[in-house]
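Student: Numbering of the sequence shown is given in my numbering, commencing with residue 824 and proceeding in unit increments.
All C-beta atoms in this analysis are idealised placements derived from N, C-alpha and C, irrespective of residue type, glycine included.
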Amino acid sequence: MRVALFGSPDFALPSLESLHRNHELLLVVSQPDKPAGRGKRLQSPATAQRAKDLGIRLEQPKRLKNQQDFFDLISDLKLDVAITAAYGKILPQALLDIPKHGFLNVHASLLPKYRGAAPIQWALIEGEQETGISIMQTEAGLDTGPVRFVKKMEISEKDTALSLFASLSTLGAMALEEALERLESGTLPLQPQDDSKATMAPLLSKEDGKIRWTDDLEAIWNRYRGVYAWPGSWTLYRGAQLKIHQIKKSNETGKPGRILQISQTGITVGSGTASLLLELVQPPNKARMTAYDWANGYGVKVGDELG
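1. Check this for me: beta carbons of L771 and T870, under 8 Å apart or not?
2. Is the separation between the beta-carbon of A940 and that of P855 shorter than 8 Å?
3. I'd like to know whether the C-beta atoms of Q826 and L902 end up nearer to each other than 8 Å.
4. For S1019, which three-state DSSP category applies?
5. Can you name, in chain order, every residue of its own chain whose Cβ lies under 6 Å from the Cβ of E962, other than the five neighbours on each side?
6. Look at the Cβ atom of S1098, then the Cβ atom of T1091, and state whether they are nearer than 8 Å.
7. So what does S1056 bridge to, in DSSP terms?
8. Over what stretch of residues does the alpha helix (DSSP H) that includes F894 continue unbroken?
9. Select from K1029, N1045, R1081, G1077 the residue whose C-alpha is nearest the C-alpha of K1066.
10. Bridge partners for N928 per DSSP, in chain order?
11. Got a sec? Which residues, its chain only, sit under 7 Å from A917 by beta carbon, not counting five neighbours each side?
12. Shortest alpha-carbon distance to D982 belongs to which of F829, G1009, R1048, Q960?
13. Under 6 Å Cβ to Cβ from N928, same chain only, skipping five residues before and after it: list those, please.
14. For M976, report the span of its beta strand (DSSP E) as first-last.
15. Would you kindly work out how many angstroms separate the C-alpha atoms of L836 and V1050, rounded to a whole number?
16. Can you check whether the CB of S957 is closer than 8 Å to the CB of S932?
17. Do you know how far the Cα of I978 is from the Cα of D1116?
18. Roughly how many angstroms lie between the CA atoms of E1004 and D966, to the nearest whole one?
19. Run through the DSSP bridge pairs and tell me what K825 is partnered with.
20. So T1091 is in the alpha helix (DSSP H); what residue range does that whole segment cover?
21. One question on the structure: do L828 and V851 come within less than 8 Å of each other, judged by their Cβ atoms?
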C-alpha cells in the first residue's frame, strides 16, 4: 500500500520500520527540529532522523491548518492510507479527507480509556493491569474516532513508563501491520467508541511527580512507575526538593511521610498504608546517591518528615 507516517518520538520508530519494510512508505512527517540539551543545539525527532537514514522524503511543517501547499503534496502522493503515531498535533479535517482510507492512529491505550498525550503514564498511575494498542480512525477530535483494531497486553508489577513505552511501541507496529492487512482485504471493522466510558490522559506536569505520603502504598508505587521517565518522583525535605530515583515496598507502618528507619539498605518512610524504602535519591544540585549516604551527609534522622 502507498502510505505516509505522521509521527515524531521513539514510540513511532517500530511503526516506521514496519511500514518501510512491508509497504511503500512515501513520506514521513514529524515535528520540527527543536533545541535540546545544555547547548540548546537543534535536535531532530527520532522519526525525522530515521527517515533521513533510510532516504525517505521528510516534511516538518510548523503548522497544518490552512497549509494548502502541504495538502497538495499529500494529495499528489495518492496515498491509500496515512498513519499517525504520537505525532503531537491535531490534524485538520481537510487533511484527514485526502488519503483513500483516511488516517489511522496508533494509540497506546484501550480506547475509550486514556484519550490524550500520556496514556502509558496514566494507565500505570491508575494501577491498570492491562493495556494495549488501539488502531483508530483519526478524526479532528482528540482520540475520538472509531476503533478499528485492538491488541492487548498485560502490565507487569515491575513495569515503569520506560519499559511499557518500549513494549507498546513494538506492539503498536504489530497491531498496525495486522490492521493494514485487514484494511487491504476489506475486513477491517469500524467500532464507534462509547464516550460515556472515556477517560483522559493529559500531559504530565512536574507536580504530578510529587509523592503524596498519605496515599496508600499501592497508589504511591503506581505513581512512581507512571512518572518514572518524566517528571520523576520527588518529595520535600526541610523545604528543598529531593528526587526519588529508586524505591521498594516495605512492611513497616508509621506516620505518613515520617522517616521510620535508616540503614545501609535505605531509608524507610511511612505511607497511608505500610511504607516505602528509598534506595536512590538526589538532593538539589547534586548527583544521585544512595539514600544512606544522603542521610549521613545531610544529618537526616529517624523521626524527620518528608512532605
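Tutor: Concretely, from the data shown:
1. Beyond the ends of the chain as shown, which are 824 and 1130, falls residue 771; an answer cannot be given.
2. If you number the sequence shown from 1, residue 940 lands on position 117. If you number the sequence shown from 1, residue 855 lands on position 32. Their beta carbons are not under 8 Å apart, which means A940 does not touch P855 by this criterion.
3. Mapped onto the sequence shown, residue 826 falls at position 3. Mapped onto the sequence shown, residue 902 falls at position 79. Rather than Gln, the amino acid found at residue 826 in this sequence is Val. Taking 8 Å as the Cβ cut-off, V826 and L902 qualify as a contacting pair.
4. Here residue 1019 refers to the residue found at position 196 when the sequence shown is read from its first residue. S1019: helix per DSSP, three-state reduction.
5. If you number the sequence shown from 1, residue 962 lands on position 139. Excluding positions up to five away in sequence, the list reads G968.
6. Here residue 1098 refers to the residue found at position 275 of the sequence shown. Here residue 1091 refers to the residue found at position 268 of the sequence shown. Inclusion of S1098 and T1091 in the CB contact set at 8 Å is warranted, their separation being smaller than that value.
7. If you number the sequence shown from 1, residue 1056 lands on position 233. DSSP output for S1056 lists I1067 as bridge partner(s).
8. Taking the first residue of the sequence shown as position 1, residue 894 is located at position 71. 891-899 is the extent of the alpha helix (DSSP H) around F894.
9. Position 243 of the sequence shown, counted from the first residue, corresponds to residue 1066. It is K1029.
10. Locating residue 928 in the sequence shown gives position 105, where the first residue counts as 1. Per DSSP, T907, M959.
11. For the purposes of this step, residue 917 is identified with residue 94 of the sequence shown, where counting begins at 1. Excluding positions up to five away in sequence, the list reads F894.
12. Taking the sequence shown and counting its residues from 1, one reaches residue 982 at position 159. The residue with the shortest Cα to Cα distance from D982 is R1048.
13. Locating residue 928 in the sequence shown gives position 105, where the first residue counts as 1. Hits under 6 Å: T907, M959, T961.
14. The residue given as residue 976 occupies position 153 in the sequence shown. Where M976 is concerned, the enclosing beta strand (DSSP E) starts and stops at 970-977.
15. Taking the sequence shown and counting its residues from 1, one reaches residue 836 at position 13. Taking the sequence shown and counting its residues from 1, one reaches residue 1050 at position 227. Taking C-alpha positions only, L836 is separated from V1050 by approximately 22 Å.
16. Here residue 932 refers to the residue found at position 109 of the sequence shown. Here residue 957 refers to the residue found at position 134 of the sequence shown. Taking a C-beta distance under 8 Å as the contact criterion, S932 and S957 qualify as a contact pair.
17. By 1-based counting over the sequence shown, the position of residue 1116 is 293. By 1-based counting over the sequence shown, the position of residue 978 is 155. Rounded to the nearest angstrom, the two C-alpha atoms are 33 Å apart.
18. In the sequence shown, counting from the first residue as 1, residue 1004 sits at position 181. In the sequence shown, counting from the first residue as 1, residue 966 sits at position 143. In a straight line, the C-alpha of E1004 is about 22 Å away from that of D966.
19. As a working note, residue 825 is residue 2 in the sequence shown. Checking the sequence, you will find Arg at residue 825 rather than Lys. E847, per the DSSP bridge assignment.
20. Counting from one through the sequence shown, the residue named residue 1091 turns up at place 268. Here T1091 belongs to no alpha helix (DSSP H); instead the beta strand (DSSP E) covers 1089-1093.
21. For the purposes of this step, residue 828 is taken as the residue at position 5 of the sequence shown. For the purposes of this step, residue 851 is taken as the residue at position 28 of the sequence shown. Their beta carbons are under 8 Å apart, which means L828 touches V851 by this criterion.
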